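Trainee: Structure in structure tokens, see below.
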Amino acid sequence: MSFSVPSKLEAELDELATHYPQKRSASLMFLHALQEHFGFISRDAVEWTATKLGLQPINVYELVTFYPMFRQEKLGRTQVRVCRTLSCALAGAYELRDHFCKNLGLDTAKHGPQTTPDGKFTVEFVECLASCGSAPVVMVNDDLLEKVTAADAEKVLTRGRVTE
Amino acid sequence: MSNVATTAPAPAAPPPVEKLKIKVDGREIEVPKLMPDWQGRLQPTTMLQACQIAGAEVPHYCYHPKLPVAGNCRMCLVEFGTPMMGPDRKPVLNPDGTPKIAKSVLPYEPGTPRGAIACATPISPGMEIYPGSAATQQMREAVLESLLINHPLDCPICDQAGECKLQEYSVEHGQANSRFVETKVHKPKAVDLGPRIVLDDERCILCTRCIRFSRDIAGDDALGIVNRGSYNTIAAWKEGAFDNNYTLNTVDLCPVGALTSRDFRFKMRVWFLKETRSVCTSCSTGCNITIGSREDVIHRYEPRDNDAVNAAWMCDAGRLNYKWVGRPDRLKEVRRRNADGTSDRIPWETAIREITARLSNAVSGSVAVVASARQTTEELHLLKKLANRFGAITDSVPRTGEADRLLVSADRNPNSNGARLTGIAYTEMGIRLPEIAEGIRSGSIRTLVVFGEDVTQHGIGADLLARLETLVVSDILPNPTTAAAHYLLPGCAHAEKRGTYINGKGRLQRFLKAVEPHGDARPEWEFLRELVTAVTAQAVPATLEGLFNEMSDGIPAFGGVRWAGIGDLGVNVTI
Amino acid sequence: MPEEFKLITKNLDQPGFTPDIGCYQRHGGYEALRKALSTAARDLPDGKKQSPQEVIRDEVLKSGLRGRGGAGFSAGLKWSFVDRRSGKPIYLICNADESEPGTFKDRQILHRDPHQLIEGMIISCWANDVKLAYIYIRGEMPIAARRLNQALAEARAAGFLGKNILGTGYDLEIHVHRGAGAYICGEETGLIESLEGKRPYPRIKPPYFPAVLGLYLCPTIVNNVETLCHVRHIVTLGGAEYAKLGTPNNTGTRIVSLSGDVQRPGYYEIEVGKVTLGELIQHPNFGGGLRPGRQLKAIIPGGSSSKVLKAGEKFQLKRKGPDGQMTSVETALLDLPYDFDSLQQAGTMSGSSAIIVLDDSRSMVATLGNLSEFYAHESCGQCTPCREGALWMEKALHRLNHGEGRKSDADYLLHIAQNIQGRTICAFGEAASWPVLSFVKKFRDEFESKGAADESARAANPARPQH
Ligand SMILES: Cc1cc2nc3c(=O)[nH]c(=O)nc-3n(C[C@H](O)[C@H](O)[C@H](O)COP(=O)(O)O)c2cc1C
Ligand code: SF4
Ligand code: SF4
Ligand code: SF4
Ligand code: FES
Ligand code: FES
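Chains as they are written, first to last, in my numbering: chain L, 214 to 377; chain D, 77 to 651; chain V, 1020 to 1486.
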């Protein structure tokens, strides 16, 4: 299977690259866009980005492995990112994450992202999401849920189970 | 004064150097305000440079004088102070009139010294640096302790043992035992970084010297760091992706045993190696090298610093081009060919006597000499003397490839300029080879002397060689020309003798003997000297030094330089 | 009565206020920009002339505005360090990476009043001859990034941004750049590297001071979201008038993020120094006190990196008396005025003005364990003391929190932390070690008794597998 970037997306990326006097600067924005489109950053995507920006693949891979938001394998359709840091932990974030994990059959002892076998959910701990006043908070895909209760978590699970 | 040899291309009158007074461990010294940075550009002098001038060692890992400063290892942290300034912006004085020094402290904890990294911190007037203080010592110990907590400490099986800065500094600056009781971070071992490089990520201290070298010197941004924090790991994009012609320099640069040369890995404990100053022969750049040998076997070449030639680097091709020296099929015997095609081993004296006899009968113009621009200047000088006796045509053989932007020259002969300056070859090397071939074909050339080249590859085929009355060949390895020789004289690799080369830019450099010749083989200049003495009945100096000096006197471009004056870094001659 | 003072949050807290440009302009938006762009040159008493841009920079200096990102450095002074003679372009970057645990003030502005930031940025750019600026927003705020892009498009369409702004001939472009989950991108030189497309490794200073060798090695200003918003109000009010807000040397207003064990967590904008730590935690206008039956145990006063304060602590604050003499005033923890200088004198910092309150139900060992995990995860790993030390501390605390402690772990932790602070490339070294140093020093008993308990448990049951 060969890797190809739709021309519309490529045009968007070319435009993005013009935002910077040096195109290497566009690496992060490229990776965001590619991840949004493909769901994760494949090795092909790394090589494609490197070629586009006149870099060696390792220069891009260095970023993919540094930033936790970039993923090297496909994630679940519903991505649940539970804030782990202090204010949220004080407000029950650990229990909340355990709740998600247990309900989805995931390992509570594992820290990093875990995806359910059916590909519906990925659950992980993340660090402070800058919403500590409404702890505990959870990002579900792009949305931030605040003061999340067990009941809210149930809703996320119910919705995620049905979405196709 | 165009023919004066100099040790550096220095301008006639250097501008006056502005100096600063500082103190290093209490001792006042004057240091230049500006000093060359990694690219040779004048920049404010750093604490580390100042300490070096003062003779005070500042241990360091990430700093390297020929690489951009990274400042990441923190090993070079030093305690320091600067003159205290009063509200009137004038220095506050002690009762004895000396300026009061404000030692640098943590702003939020004024009792605790705050060090600065010596490798990146510029000095200022009146500054005091304390590389030997207890506080400095403590900072060093702490950095070492941190570097060692996740280190495998497998020195007994590590290739770098003996050359490892981690091992060395922890003996000198470390503490006997670490407090660390947690589990270590594990990382990849024996990673195939490139075809010539193996990486042990657990030994790596993440100093980024290899990355900076590859990116900023070799121009190949092939190395990087993946992951984050304590899990940071040096990597290439794919197995084997680190593959430019300079990768092995990173092995030299790596302060620990993380990067190893596949060629040298586990071969030898470095402390058994004898080191000899030499020059690479694989192209006309003439990178300065150190030959590491043991019991007459060469185990490695390493670059030797020379700012006028190769800075601190050499190419991989040149570095690995040493194995032929120890090839089993090296020519080891002096041989004379019989009419029936068989040949006998004969003593040197016999060979020299018989060659002399044959040459003495040769008429002027019937002799040609093909020498090699891989021979030493002294040898070429003697061959030229020999040629002059018969008015012989001389030339040598060009050897070219592609040049790169760092070191490799298109001219792959190490001594083309030596061949030219001694009069053996011409601006366009090999231009007279067709003439020699034609002379043999027409029968006007009856005697051919070939040194170090297989002329059958250069228009003088075996058929032509067969027509010769006398073919004298000296070489190192067998080839069709050596097979056709009437007299075969086994010569020496450069590592087996002394001599000089003149590189592409006119740098005259000498090299020394690292290993013994094979079998009967002798340095060419020795037997050439015997031959020239016998054939020309002229006295020829009996030592290489004498020979060089005589040659120098005869070639104005050398500007009268003596053997002793060449030094380890060479001198420039006019080309 | 201690009250909020809404300057930055005034609009966004109003019901019905929307982030679009129309609403913003109905609330007086972009008037400050018009005012700034029509500033007249000024003659100074010493005969020198100030260009209109210099006038604005001078007003910012006079306002006493201190950076709201964490270090509290004078914004006007920072701008005055910019190398304006290099001939290179000058860049401005808005630091919208908001990642210091406990902090959630920039988020409010970015989501709900993006034009306020953009107006502040345009003025700041104009005053500093900046033609190209970036907003570096943390990756976990995708919606805010979209809103910002939307707002920038609106501003462009309205002639506030782009070519020939408001007919003055001034050109400026602002772009949004998204991070991807790294606290270290908030450190200004790490941010710059990240914006250059490299790993966000903070740069060594010297020589890489952003004002001289910043983005693309050109002079660069990095300011926090809230800082840049204040510039808009300084232009409206005038520097001297703005400086009357707050307290001397701690001027203006500041958004405080309050979280942890209080009844009313949230963000509160106050005049700097006009409200005490105690009021912020206990007053019904602010935190509303602890949960019923709970006692205060500790306060993390300026983001997770600031040194913890222990309930009952007393501090000697230097205060200028009416006669101009400096006197030392004993001040109890809860009476500390919430400002830059008082917290510094209390041995900690107001940092990102994020207060995390801990009540007596909390274990300091567990709390520190949580924070250390953050720092171990976020260390970029560039320099030795932090790369190795941050994870080392985390491992030790994990052990201590999981029944494998030793009584000596208190000293062990201090040893590690002391060898990080002051020895690293960037201030993350302090950020990672200060919590450990302050927690262990101030709550040593708790750490030692936890370790000792683990030791006796192990002694009582030696067969248990060792850690
Ligand atoms: C580890 C670390 C993280 C930081 N994170 C942020 C941040 O998220 N947002 C911010 O505005 N400043 C942050 N800063 C401070 C910035 O380096 C910089 O001082 C600030 O953006 C300057 O803006 P200001 O002067 O307007 O406060 C951080 C500093 C450090 C050392
Ligand atoms: S491999 Fe060696 S040179 Fe490269 S970063 Fe590691 S220790 Fe330094
Ligand atoms: S550049 Fe030339 S002289 Fe230098 S190491 Fe390579 S081959 Fe040898
Ligand atoms: S102190 Fe930490 S975060 Fe800062 S540069 Fe060093 S390793 Fe990176
Ligand atoms: S601690 Fe969870 S949002 Fe800050
Ligand atoms: S030598 Fe590494 S920091 Fe100076």
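Glycine residues also receive a C-beta, built at the ideal position from the N, C-alpha and C atoms. All values reported here derive from a predicted model rather than from experimental measurement.
1) Which runs of the beta strand (DSSP E) at least 3 residues long sit entirely within the stretch 257-323 of chain D? Give them in chain order.
2) Excluding the 5 residues flanking residue 80 of chain D on each side, which residues of the same chain have their C-beta closer than 6 Å to its C-beta?
3) Which residues does DSSP pair with residue 1006 of chain V in a beta bridge?
4) Report whether the distance from the Cβ of residue 285 of chain D to the nearest heavy atom of ligand 2 is below 8 Å.
5) Are the stretch 119-131 of chain D and the stretch 167-181 of chain D touching, with three or more C-beta to C-beta distances below 8 Å?
6) Near residue 1487 of chain V, which residues of its chain fall below 7 Å by C-beta distance, leaving aside the five closest residues on each side in sequence?
7) Rounded to whole angstroms, what's the CA-CA distance from residue 527 of chain D to residue 544 of chain D? Just pull it up for me.
8) Is there a Cβ of chain D sitting closer than 9 Å to that of residue 1443 of chain V, yes or no?
9) How about residue 292 of chain D: is its C-beta nearer than 9 Å to some C-beta of chain L?
10) If you measure from the beta carbon of residue 313 of chain L to each beta carbon in chain V, is any gap under 9 Å?
11) Apart from the five residues just before and just after residue 1064 of chain V, which ones in its own chain have a Cβ nearer than 8 Å to its Cβ?
12) Taking 8 Å as the limit between beta carbons, can you name the residues of its chain near residue 1105 of chain V, skipping five residues before and five after?
13) Can we say the stretch 263-274 of chain D touches the stretch 336-346 of chain D, given the rule of at least three CB pairs closer than 8 Å?
14) Whole angstroms are fine: how far does the CA of residue 273 of chain L sit from the CA of residue 1032 of chain V?
15) Any heavy atom of ligand 1 within a distance shorter than 8 Å of the CB on residue 1359 of chain V?
16) Could you list which residues in chain D have their beta carbon closer than 8 Å to that of residue 1414 of chain V, in chain order?
17) Going by the C-beta, is residue 1470 of chain V closer than 8 Å to any heavy atom of ligand 4?
18) List the residues of chain L that residue 393 of chain D touches, going by C-beta distances under 7 Å, in chain order.
19) From the DSSP secondary-structure annotation, give me the bridge partner or partners of residue 351 of chain L.
20) Just to confirm my understanding: we take residue 1349 of chain V, look at its own chain, exclude 5 residues before and 5 after, and list those with CB closer than 7 Å. What are they?
21) Using a Cβ-Cβ cutoff of 8 Å, what residues of the stretch 1394-1409 of chain V are near chain D? List them in chain order.
22) At a cut-off of 8 Å, is residue 300 of chain L close to ligand 5 when judged by its beta-carbon and the heavy atoms of the ligand?
23) Is it right to say residue 1100 of chain V is buried, meaning 16 or more other beta carbons lie within 10 angstroms of its own, or is it exposed?
24) Going by beta carbon distance, what residues of the same chain come within less than 7 Å of residue 300 of chain D, once the five residues before and after it are set aside?
25) Using a Cβ cut-off of 7 Å, which residues of the stretch 270-301 of chain L contact any Cβ in chain D, in chain order?
26) Taking all protein chains shown into account, decide if residue 1137 of chain V is buried (16 or more other Cβ within 10 angstroms of its Cβ) or exposed.
27) Is it the case that the Cβ atoms of residue 1221 of chain V and residue 1042 of chain V are separated by a distance below 9 Å?
28) Out of L/372, L/348, L/331, point me to the one whose CA is closest to residue 302 of chain L's CA.
29) Going along the chain, which unbroken runs of the alpha helix (DSSP H) with 4 or more residues stay wholly within the stretch 1160-1212 of chain V?
30) Excluding the five sequence neighbours on either side, which residues of its own chain have a C-beta within less than 7 Å of the C-beta of residue 1079 of chain V, listed in chain order?
31) For residue 1401 of chain V, does the count of other Cβ atoms within 10 angstroms reach 16, so buried, or fall short, so exposed?
32) Measuring only the C-alpha atoms, how far is residue 536 of chain D from residue 446 of chain D?
33) With 9 Å set as the bound, which would you pick, yes or no: does the beta-carbon of residue 198 of chain D sit closer than that to a beta-carbon of chain V?
34) Mapping the DSSP letters down to three states, classify residue 125 of chain D as helix, strand or coil.
35) For residue 1318 of chain V, which three-state DSSP category applies?
36) Indicate whether at least one CB of chain V lies closer than 9 Å to the CB of residue 123 of chain D.
Mentor: Let me spell this out:
1) List check, beta strand (DSSP E) in window: 267-270, 273-275, 299-302, 309-312.
2) Residue confidence is low: residue 80 of chain D scores 41 on pLDDT, short of 50, so the model does not pin down where it sits. Its coordinate-derived value is still stated next. Excluding sequence positions up to five before and after residue 80 of chain D, its CB lies within less than 6 Å of the CB of 635, all in the same chain and listed in chain order.
3) Past the edges of chain V, shown from 1020 to 1486, lies residue 1006 of chain V, and the structure says nothing about it.
4) Residue 285 of chain D Cβ: within cutoff of ligand 2.
5) No, because fewer than three Cβ pairs between the stretch 119-131 of chain D and the stretch 167-181 of chain D fall closer than 8 Å, the two stretches do not touch.
6) Absent from the structure is residue 1487 of chain V, since the part of chain V shown begins at 1020 and ends at 1486.
7) Looking at the two C-alpha atoms, the distance is approximately 16 Å.
8) Yes - at least one Cβ of chain D is within 9 Å of the one on residue 1443 of chain V.
9) Not an interface residue.
10) Not a single CB atom of chain V sits nearer than 9 Å to the CB of residue 313 of chain L.
11) Hits under 8 Å: none found.
12) So the list reads 1231, 1237, 1238, once near-sequence residues are dropped.
13) Contact holds: three or more Cβ-Cβ distances are below 8 Å.
14) Going by the C-alpha atoms only, they are around 41 Å apart.
15) Taking the Cβ of residue 1359 of chain V as the reference point, every heavy atom of ligand 1 lies at 8 Å or farther away.
16) Under the 8 Å cutoff, chain D gives 258, 259.
17) The answer is no for residue 1470 of chain V.
18) Within chain L, no residue comes near residue 393 of chain D; the closest Cβ sits about 22 Å away, beyond 7 Å.
19) Listed as beta-bridge partners of residue 351 of chain L by DSSP are L/295, L/358.
20) Correct list, in chain order: 1333, 1335.
21) Contact residues of the stretch 1394-1409 of chain V toward chain D are 1395, 1396, 1397, 1398, 1399, 1400, 1401, 1402, 1403, 1404, 1406, 1407, 1408, 1409 (C-beta to C-beta distance below 8 Å).
22) Flag set: Cβ of residue 300 of chain L near ligand 5.
23) Exposed.
24) These residues qualify, in order along the chain: 287, 311.
25) Against chain D - using a Cβ distance shorter than 7 Å - the residues of the stretch 270-301 of chain L are 270, 271, 272, 274, 275, 278, 279.
26) With 16 or more Cβ atoms within 10 Å of its Cβ, residue 1137 of chain V is classed as buried.
27) No, the pair does not count as a contact, with Cβ atoms beyond the cut-off.
28) Selection L/372, L/348, L/331 evaluated against residue 302 of chain L yields L/348 as nearest (Cα-Cα).
29) For the stretch 1160-1212 of chain V, whole alpha helix (DSSP H) runs of length 4 or above, ordered along the chain, are 1161-1176.
30) Residues 1094, 1095, 1098, 1250, 1253, 1258 of the same chain have their beta carbon placed closer than 7 Å to that of residue 1079 of chain V, with the five preceding and five following residues left out of the count.
31) Around the Cβ of residue 1401 of chain V, a 10 Å sphere holds 16 or more other Cβ atoms; the residue is buried.
32) Note on geometry: alpha-carbon atoms of residue 536 of chain D and residue 446 of chain D lie some 10 Å from one another.
33) Interface residue, yes.
34) It is helical.
35) The three-state reading of DSSP puts residue 1318 of chain V in strand, counting E and B together.
36) By this cut-off, residue 123 of chain D is not an interface position.
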